[in-house]
Amino acid sequence: MNVLPLTPPGRAPLRVLTIAGSDSGGGAGIQADMRTFALLGIHSLVAVTAVTVQNSLGVKGFHEIPVDIVAGQIEAVATDIGVQAAKTGMLASSEIIDTVADTWTRLGLAGTVPLVVDPVCASMHGDPLLHPSALESLTARLFPLATLVTPNLDEVRLITGIDVVDADTQRAAARALHALGPRWALVKGGHLRSSAHSPDLLFDGADFYEYDSVRIDTPHDHGAGDTLAAAAAAALAHGYPLPDAVAFAKEWITECLRAAYPLGGGHGSVSALFRLSDG
Ligand code: PXL
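One rule links them: number in the working numbering = place in the sequence shown (from 1) + 501.
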């Protein structure tokens, strides 16, 4: 597959900030984002929003990071190290969402630094990662600041009320998501279980862009959404036009799904480590 341009040793690579939760199992969240960033030659910056206690069987609980520490992490890295793109993952609460939105705007990053918002609501086991009352903050405060939003079909249903079952409902969902304010909306089709394909649909308010790939059927898809959004943010940091960044991210997650591996007694994770394979 195509890879992103690399930086020579000794020179500072591009920096991408992940604003997300820690997954002690290492499959999703910050750990997945950092793995993808590293293997794409990107320096990871991190604002931790929550620490989850989890393994391959599910999320046992989480601890939210105080909002001044969340804001402080973003400000510390943005004002000193510099951020070429960012992505959000697990944000846990409306207080954290408001803080991220306020900080992003206050630092003058809104509209200048690409921001990918992956509206994480629950783990693959259905364990909640966002208080249900915070969904309103996510769409009202963060979506209007987003360059791209990347919901899966469960998140689309929660956010828009639309049950995506075919191409028509996928288009309706893309329109409804775009109306909430992001510059671009991507409706991922990977959870369309009836399909042998994984059709993703991108919309900018005027045109639709379709991305198709074979659907890789694996139980080890923990971290898939995070990895796709991280790869898109990495490509945006390089200045890729948005439809090309999504095409790159789609190729990247397809390879990560092909290389997915089992972990523990439950669901294993997608693997950006395929880039280190010599086989
Ligand atoms: O894959 C979504 C996700 C994001 N962030 C954290 C998670 C998960 C899924 O479990 O644990 C921290």
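Every residue, glycine too, gets a C-beta built ideally from N, C-alpha and C.
Mind checking whether SER595 and ALA539 have CB atoms under 7 Å apart?
-> no
For HIS698, name the three-state secondary structure that DSSP assigns.
-> In this structure, HIS698 counts as strand in the three-state DSSP scheme.
What do you get for THR606, buried or exposed, if any count of 16 or more other CB atoms within 10 angstroms of its CB means buried?
-> exposed
With respect to 6 Å, is the separation between the Cβ of ASP534 and the closest non-hydrogen atom of the ligand PXL below this value?
-> no
Could you tell me the distance, in whole angstroms, from the CA atom of ASP569 to the CA atom of ALA738?
-> Per the coordinates, the alpha-carbon of ASP569 lies some 26 Å from the alpha-carbon of ALA738.
Rounded to whole angstroms, what's the CA-CA distance from PRO510 to ASP669? Just pull it up for me.
-> 48 Å
Cβ pair ILE520, VAL618 closer than 7 Å = no
Does the beta-carbon of LYS588 have 16 or more other beta-carbons within 10 angstroms, so that it is buried, or is it exposed?
-> Taking every protein chain shown into account, the CB of LYS588 has 16 or more other CB atoms within 10 angstroms, so this residue is buried.
Cα-Cα, which of CYS622, ASP718 and ALA730 is closest to LEU758?
-> ASP718
So THR651 and PRO615 are in contact, right, with Cβ under 8 Å, and what is the actual spacing, rounded?
-> Incorrect: roughly 13 Å between the Cβ atoms, too far for contact.
If you pair each beta-carbon of the stretch 760-771 with each one of the stretch 702-721, do three or more pairs fall below 8 Å?
-> yes
Run the proximity test for THR604: is its beta-carbon closer than 6 Å to any non-hydrogen atom belonging to the ligand PXL?
-> no
Leaving out five residues before and five after ALA732 in sequence, what residues of the same chain have Cβ atoms less than 6 Å from its Cβ?
-> THR537, ALA750 and TRP753
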